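Working notes, beginning with the structure itself.
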Amino acid sequence: MATVKDITAMCKAGDVAKAYQQAKADLGEAPQDVWAQREMGWALYYLLKTDLDNNDRGGFLAHAEELAGLDLLTTSGDAMMFSNVLWKMAEFAKTVAPGSLHEMDSLFGLVGKYTFAPSKGYSCLLKSCLRLGQWERLADFIEWWNLDNLQPDDFEQYRLENGKKAMSLAEQAYIGYAKALLRKGDVGRISAFRPKIEKLTEDFPDMMYPGYFCGKLMLATGAARDDALTVVMPFARKKQSEFWIWQLLAEVYCDDTEKCMACLLRAVHCKAQESFLGKVRVRLASAYLSLNDYGRAKYHIEKTAGCYTRQGWRLPYEVQDWLRAPWMQTAVADSSDGLDYKLMTDAMLSYGTNESVAVVTHVDIAARRAAIVYGEKKRMVVTLRDLKARVAEGTLLTLNWVASPDGKASVVGSRLLDAAGFGGNGYIKLVSGNIRKPADKPFAFIEGQGVRCFITPATVRKHCLAGNESATAIAVYDYNKKRDEWSWRCASLKCKSQ
Numbered sequence: 005m006a007t008v009k010d011i012t013a014m015c016k017a018g019d020v021a022k023a024y025q026q027a028k029a030d031l032g033e034a035p036q037d038v039w040a041q042r043e044m045g046w047a048l049y050y051l052l053k054t055d056l057d058n059n060d061r062g063g064f065l066a067h068a069e070e071l072a073g074l075d076l077l078t079t080s081g082d083a084m085m086f087s088n089v090l091w092k093m094a095e096f097a098k099t100v101a102p103g104s105l106h107e108m109d110s111l112f113g114l115v116g117k118y119t120f121a122p123s124k125g126y127s128c129l130l131k132s133c134l135r136l137g138q139w140e141r142l143a144d145f146i147e148w149w150n151l152d153n154l155q156p157d158d159f160e161q162y163r164l165e166n167g168k169k170a171m172s173l174a175e176q177a178y179i180g181y182a183k184a185l186l187r188k189g190d191v192g193r194i195s196a197f198r199p200k201i202e203k204l205t206e207d208f209p210d211m212m213y214p215g216y217f218c219g220k221l222m223l224a225t226g227a228a229r230d231d232a233l234t235v236v237m238p239f240a241r242k243k244q245s246e247f248w249i250w251q252l253l254a255e256v257y258c259d260d261t262e263k264c265m266a267c268l269l270r271a272v273h274c275k276a277q278e279s280f281l282g283k284v285r286v287r288l289a290s291a292y293l294s295l296n297d298y299g300r301a302k303y304h305i306e307k308t309a310g311c312y313t314r315q316g317w318r319l320p321y322e323v324q325d326w327l328r329a330p331w332m333q334t335a336v337a338d339s340s341d342g343l344d345y346k347l348m349t350d351a352m353l354s355y356g357t358n359e360s361v362a363v364v365t366h367v368d369i370a371a372r373r374a375a376i377v378y379g380e381k382k383r384m385v386v387t388l389r390d391l392k393a394r395v396a397e398g399t400l401l402t403l404n405w406v407a408s409p410d411g412k413a414s415v416v417g418s419r420l421l422d423a424a425g426f427g428g429n430g431y432i433k434l435v436s437g438n439i440r441k442p443a444d445k446p447f448a449f450i451e452g453q454g455v456r457c458f459i460t461p462a463t464v465r466k467h468c469l470a471g472n473e474s475a476t477a478i479a480v481y482d483y484n485k486k487r488d489e490w491s492w493r494c495a496s497l498k499c500k501s502q
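According to our numbering, the residues represented by the sequence shown are 5 to 502, in order.
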C-alpha cells in the first residue's frame, strides 16, 4: 500500500493518472482505511487541478463527486487537502457560464455536505459564486456558507487592476443575499436577515449600498415608513443624483400620492439613460391618469413606447391598453411636471437630520464659500452650492445638517429665515442700541441683551460709523482665530438712519 507522500510525489512528477490508479487499488483493498481514503483524496485533488487546466468541466464534477464519497475524510482532519480543493472549486465556480448554472447546482450538491472554517479559500469560493446573481440557489448557498464566516479582511475594500477601489467582499455578500431573497419574496427569510444587514449599516457607515437594500427588505416585510426612512435616508442623501434611489423612495411614499409623484419626477429628471426609466414613466403615467391629467400621462406613455420600440422590447400590457384608449387620440402631450418636485424632494432629504438656526458670518465670492455659525461653539465653512440660497454676511438660515463619522457636520439643506420673526437664541442675538466707538480706534462696539458685540473695522468703514449712531446688529458668538477664543461679534449691522 502506497503512502500519501508517494501519491503526491507521483502527482507532482506529472504521473497523476498513475497515482490515481494506485490510490484506487489501495482503496479497493481497504475501503474503510482513512489513510487509503487520504491517498485517494490527494489523487483526486490533482485530478481536479488537471481538469481545470484542460477545461474538462464534466471530469471536474465527476472527480468532485468521487471525493465527496470519501466518508472518512473531514475538513478538520484533512484541512490541507480540503484547503487546496476549495481553491479549485472557487476557480471552477468563477468560470461557470450564465447559461450553465446547472453546473453550480451539481457543485453545491457536493460541497454543501461539508462545513468549512473561515479561510481565504473559503472567501474566494463565496466571491466566485456571488457573480452568479441569477442562480436559483444562490440564497441557499450563502446561507450554507454563513456570513458569520467573513473574516476581517473581507470587510476591506480592495483595488482592481485599473487602480479603482471595489466594494468589499462583505458588502457584496450582504447585497447578493438581499437581492436573492427579494427575488424569492420569502418574507420569513427576509425578516430573519434584516437585523444582520441593519447591524452592518451601523457598524460600517462607509458602506454605501447595504442601506439601500436594507430599505428594500424593510418594504418587502411591510415595515413602517419612518423605520424605512431612517435606514434609507443616509444612503439617499449620498446618492440623490441616481434615479433608482428616487424609485425606492417612491415605494416608501407609495401611500402619499403627491410625494410619490415627486419622487418619480425626480427620478426621470436624473439624466439617466432613457432605457432605464420605463417602469418609472409607467408609474408616473398611472399617477397622472388617477388625477385625470391626460396630457402629462400621454407624454410619459409616448416616451416609454418610443424607447421600448427602439430597443425592440415588448410593450407592457398597460401601455398597450393606454395607446388604444380614446383619450390617447385626443389628448395633447404635456411635458411639464405640474408639481414642484425639486422643492418637495429636497425637503424629504432633510428627514432625520439635525435642524438649527444658522447665521452667515463671512462670504468668499471668489472661492464660492461661506463661513456659518450653526450652534453654540459650532462653526463651519461650506460651499455656497451646499446652502442652496443666495446669502450675505448676516443672512439667517434654517440649516439641516448631519454629523459625519469624523465628528464634522455636513449640510443637507437650508432655507432662508426671516429675521423679523426671529427672537434670538444662545449664540445669535438681535442687539439694538447706540454705537460705541473708542477714540482713534478703527473698531466699535454695540451693547444690548447682556452682550458687548465687537464691530470690525471693515463694518465701521462700510457704514461710516463715528459713534453714537442708533443701530440694530445681528450678533453672533463666533470663533476669533487670532485670539483663539469665542466672543460676540457683529455679523451684520443696520443703522436706523440708513
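Here a beta-carbon is modelled for each residue, glycine too, at the ideal position from N, C-alpha and C. Given the structure is predicted, the values throughout are model-derived calculations rather than measurements.
### Task
Just grab the DSSP bridge partners of residue 151 for me.
Looking up residue 151 in the sequence shown gives position 147. BP columns for residue 151 are empty, so no partner.
### Query
Between the region 398-416 and the region 371-380, do at least 3 Cβ pairs fall closer than 8 Å?
In short, these stretches touch, since the Cβ pair count reaches three.
### Query
DSSP beta-bridge partners for residue 373?
Mapped onto the sequence shown, residue 373 falls at position 369. Residue 373 pairs with 368 and 387.
### Query
What is the rounded straight-line gap between the Cα of residue 190 and the Cα of residue 403?
Translated into positions along the sequence shown, residue 190 becomes position 186. Translated into positions along the sequence shown, residue 403 becomes position 399. When rounded, the distance between both Cα atoms is 42 Å.
### Task
Indicate whether residue 288 and residue 272 have their beta-carbon atoms separated by less than 8 Å.
The residue labelled residue 288 in the question sits at position 284 within the sequence shown. The residue labelled residue 272 in the question sits at position 268 within the sequence shown. Contact flag set, yes.
### Best match in 199, 382, 480 and 389 for proximity to residue 371 [C-alpha to C-alpha]
Mapped onto the sequence shown, residue 371 falls at position 367. Minimum Cα distance to residue 371 is reached at 389.
### Message
Let me make sure I understand the geometry here. Which of 280, 107 and 340 has the alpha-carbon closest to that of residue 302?
### Response
On the sequence shown, residue 302 is found 298 positions in, with the first residue counted as 1. Nearest to residue 302 by alpha-carbon distance, out of 280, 107 and 340, is 340.
### Cβ-based burial, residue 366 [other Cβ within 10 Å; buried from 16]
Position 362 of the sequence shown holds residue 366. Result: exposed.
### Query
Leaving out the 5 sequence neighbours to the left and right, which residues in its chain are closer than 8 Å to residue 447 when beta-carbon positions are compared?
Against the sequence shown, residue 447 aligns to sequence position 443. Correct list, in chain order: 441, 458, 459, 460, 461 and 464.
### Query
Counting Cβ pairs closer than 8 Å, one from the region 351-359 and one from the region 319-339, do we hit at least three?
Judged by Cβ distances under 8 Å, the region 351-359 makes no contact with the region 319-339, as fewer than three pairs qualify.
### Message
Taking its Cβ as the centre, do 16 or more other Cβ atoms sit within 10 Å of residue 330, making it buried, or is it exposed?
### Response
Translated into positions along the sequence shown, residue 330 becomes position 326. Taking all protein chains shown into account, residue 330 has fewer than 16 neighbouring C-beta atoms within 10 Å of its C-beta and is therefore exposed.
### Query
Should residue 338 be flagged as near chain C, meaning a C-beta pair shorter than 8 Å?
Included in the structure is just one protein chain, with no chain C present.
### Start-end ranges of the alpha helix (DSSP H) lying completely within the region 321-370, minimum 4 residues
For the region 321-370, whole alpha helix (DSSP H) runs of length 4 or above, ordered along the chain, are 321-328, 330-334 and 345-352.
### Message
Could you tell me which whole alpha helix (DSSP H) segments of length 4 or greater appear in the region 161-231?
### Response
The region 161-231 contains these whole alpha helix (DSSP H) runs: 173-188, 191-207 and 214-224.
### Query
So, is residue 26 buried or exposed, given that buried needs 16 or more other C-beta atoms within 10 angstroms?
Numbered from 1 along the sequence shown, position 22 holds the residue referred to as residue 26. Buried, by the Cβ-count rule.
### Query
Roughly how many whole angstroms lie between the Cα atoms of residue 15 and residue 33?
Sequence index remark: in the sequence shown, residue 15 carries index 11 (1-based). Sequence index remark: in the sequence shown, residue 33 carries index 29 (1-based). If you draw a straight line from the Cα of residue 15 to the Cα of residue 33, it comes to about 21 Å.
### Message
In the DSSP output, what is residue 476 paired with across the bridge?
### Response
Counted from its first residue, the sequence shown places residue 476 at position 472. BP columns for residue 476 point to 436 and 498.
#### Entry: Inside the region 248-314 only - alpha helix (DSSP H) runs reaching at least 4 residues
Runs of the alpha helix (DSSP H) lying entirely within the region 248-314, each at least 4 residues long, are 261-272 and 282-294 in chain order.
### Query
Could you check where the beta strand (DSSP E) with residue 91 kicks off and where it finishes?
Locating residue 91 in the sequence shown gives position 87, where the first residue counts as 1. Counting along the chain, residue 91 falls outside any beta strand (DSSP E), though it belongs to the alpha helix (DSSP H) covering 83-98.
### Task
Report, in whole angstroms, the separation of the C-beta atoms of residue 185 and residue 179, which I expect to be a contact under 8 Å.
Mapped onto the sequence shown, residue 185 falls at position 181. Mapped onto the sequence shown, residue 179 falls at position 175. That pair is no contact at about 11 Å.
### Query
Got a sec? Which residues, its chain only, sit under 6 Å from residue 307 by beta carbon, not counting five neighbours each side?
Translated into positions along the sequence shown, residue 307 becomes position 303. Apart from the 5 residues on each side of it in sequence, residue 307 sits with its Cβ closer than 6 Å to the Cβ of 285 in its chain, given in chain order.
### Query
Start and end of the alpha helix (DSSP H) containing residue 70?
Along the sequence shown, one-based indexing puts residue 70 at 66. If you look at residue 70, you'll find it in the alpha helix (DSSP H) that goes 61-72.
#### Entry: Beta bridge counterpart(s) of residue 492 as assigned by DSSP
By 1-based counting over the sequence shown, the position of residue 492 is 488. BP columns for residue 492 point to 481.
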